[in-house]
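The structure appears right after this line, and notes come after that.
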Amino acid sequence: MNIPIIDISPLHSLTIADDHSSSPSSPAALQKCIADLKSACQSHGFFAIQNHGIPSSLITAVRHASRDFFDSSPDIKREVTMSEDYPYGYENYESLGVMYCSNGSGGDGNDSSSNDSSANRQQVSTMIDSKETFSIGPSHNSSKMPPRQFPSHPSSFQRALTEYYTAMETLACTLFRGLALALDLKMDWFLQRDVFDVTAHQCALRVLNYPPLEYYEDADAAGDETKNKTVIRAGAHTDYGALTILLSGGPGLQLCLDPNQETNANNDTITSNTNTTTWMDVPHLEGAFIINLGDLMQRWTNDRWRSTLHRVVAVPDDIACDDEGHSNNERRLIRCSRRQSIAFFVNMNGDANIVPFESCVDEKSNPARYEAIKASDHLMQRHLRSMGKQT
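Listed below in structure tokens is the structure:
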């Protein structure tokens, strides 16, 4: 099973005159695009898009600039850090550098400064969540978010992220027109000034770096889920906002397929028990973006559309015997390449009033499951819940 791949080229030519484009008189390509969006949002909550209109040169520029930033010294990366007062900037997750997890014999694998890499390779006995990120928010003051800050190096970083952010705003508007038609709404419904205004939304752009990994695994663990340890790059989660536009950096993204893991928009039933959950690999599609719906969109559609639990795992690209002379029959050295990705989190205006759409509510068969809430309050509630705090 794969996520749907949707050609969104018909959406680029939509105008106000096409406000009823979902009618039978609409071009066949547009009808198919809208139908595909509707089906994907209901079944997976994830889909890939092609013919998105984002220049490959811009994608290359932001990838290179991000790589150069993450390859900078710790002092450079910490010039702009995430804090209570500034919810963007650089964040270095606690496990970063703990590439080789505890083997149960007293070593903690923390000595990433050692020149002897074999000293750091240990039996994987726990899952890790290793990545570093840098984020920016909107540039306009009416968003009520703090002004953007950038590090001094690399010189191309600020320009690349700024231009990419603007391109993602445009792509989000294009997607919103298609999603509105899929919900039997006016084409520009999401783009109303009090819903998603380019001068007031609270979107965030995040570049992510997953460092290379090396770890040991018992040779007989291959193909045995009871022995094989899944190494987690990003733990199981759903996204909080309306949708996410992801530029994947390679394989590793997985979706939860376990029907027992379905959740409402508050994620009341989410668990992180990866031993009992079925996960589907999302293929890496070069040049395509992956779109996933967030909890706010599931709430808005009264659970008709899905915000799906997902995670990122380490994908081995090299397996060898260890350098202490053990054969492959005893234990294997697993190598996983560096992975970089870029996520644009599409958040509405903070004051946008989120009420289940009339087209998704039926008083008898499917009454409204959620009360009205401001978009910013929804995001704060989800953030607090993720921190284990009551709301």
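Using full-length UniProt numbering, the first residue of the sequence shown is number 1, and each one after it goes up by one. Beta carbons: idealized from backbone N, C-alpha and C, even for Gly. Note that the structure is a prediction, hence the values are computed from the model and not measured.
Assign residue i to buried or exposed, taking buried as 16 or more other Cβ atoms, counted over all protein chains shown, within 10 Å of its Cβ.
i, result
"SER155", "exposed"
"ARG233", "buried"
"GLY53", "exposed"
"LYS364", "exposed"
"THR60", "exposed"
"PRO27", "exposed"
"ALA29", "exposed"
"LEU384", "exposed"
"SER386", "exposed"
Sort the options by Cα distance to residue i and report the nearest one.
i, options, result
"PRO4", "ILE291, VAL313, PHE344", "ILE291"
"ALA65", "PRO251, GLN340, LEU379", "GLN340"
"ARG193", "TYR240, MET348, ALA368", "MET348"
"ASP295", "HIS237, VAL198, ALA368", "HIS237"
"SER248", "ALA167, PHE190, ARG338, PRO146", "ARG338"
"SER196", "LEU257, THR170, THR277", "At residue 196 the sequence reads Phe, which differs from the Ser that was named. Residue THR170 is the option with its Cα nearest to PHE196."
"VAL62", "PRO138, MET168, SER39", "MET168"
"ARG311", "LEU257, ARG382, ALA29, GLU163", "LEU257"
"GLY235", "ASN353, LEU161, LEU255, GLY250", "LEU255"
Under 8 Å between the Cβ atoms of residue i and residue j?
i, j, result
"ALA35", "ALA288", "no"
"TRP300", "PHE344", "no"
"GLN42", "ASP7", "no"
"VAL282", "LEU309", "no"
"PRO211", "SER130", "yes"
"ILE76", "HIS153", "yes"
"ALA375", "GLY350", "yes"
"LEU379", "GLY241", "yes"
"ASN355", "ALA172", "Per the sequence shown, residue 355 should be read as Val rather than Asn. In this structure, ALA172 does not lie closer than 8 Å to VAL355 by Cβ."
"ALA314", "VAL231", "yes"
Could you pull out every residue in the same chain whose Cβ sits closer than 6 Å to the Cβ of residue i, ignoring the five residues on either side in sequence?
i, result
"GLN158", "PHE150"
"THR174", "LEU11"
"SER143", "ALA200, GLN202"
"ASP184", "SER359"
"ASP239", "GLY294"
"THR81", "GLY89, TYR90"
"PRO146", "TYR86"
Is there a C-beta anywhere in chain B that falls below 8 Å from the one on residue i?
i, result
"LEU11", "Any reference to chain B falls outside this structure, which holds one protein chain only."
Which residues bound the beta strand (DSSP E) around residue i?
i, result
"ARG331", "331-336"
"ARG233", "232-237"
"ARG339", "339-346"
"residue 399", "Residue numbering for the chain in the displayed model covers 1 to 391; residue 399 lies beyond these limits and cannot be assessed."
"PHE46", "46-50"
"GLN254", "253-256"
"ARG206", "204-210"
"ASN349", "Unbroken run through ASN349: none, as it is neither H nor E."
Return the first residue and the last residue of the alpha helix (DSSP H) that residue i is part of.
i, result
"ALA182", "157-182"
"SER386", "375-386"
"ASP75", "74-77"
"THR133", "Premise fails: THR133 lies in the beta strand (DSSP E), 132-136, not in any alpha helix (DSSP H)."
"CYS41", "28-43"
"GLN298", "295-300"
"LEU58", "56-70"
Note down, in chain order, each residue of its chain lying with its Cβ closer than 7 Å to the Cβ of residue i, except the 5 sequence neighbours on either side.
i, result
"LEU293", "CYS41, GLY45, LEU243, TRP305, ARG306, SER307"
"ARG67", "GLN340"
"VAL198", "GLU169"
"TYR165", "ILE136, LEU205"
Beta-carbon within less than 8 Å of residue i's beta-carbon, same chain only, minus the 5 sequence neighbours each way: which residues are those?
i, result
"GLU286", "none"
"PRO367", "VAL361"
"ASN302", "PRO356, PHE357, CYS360, VAL361, ASN366, ALA368, ARG369, TYR370"
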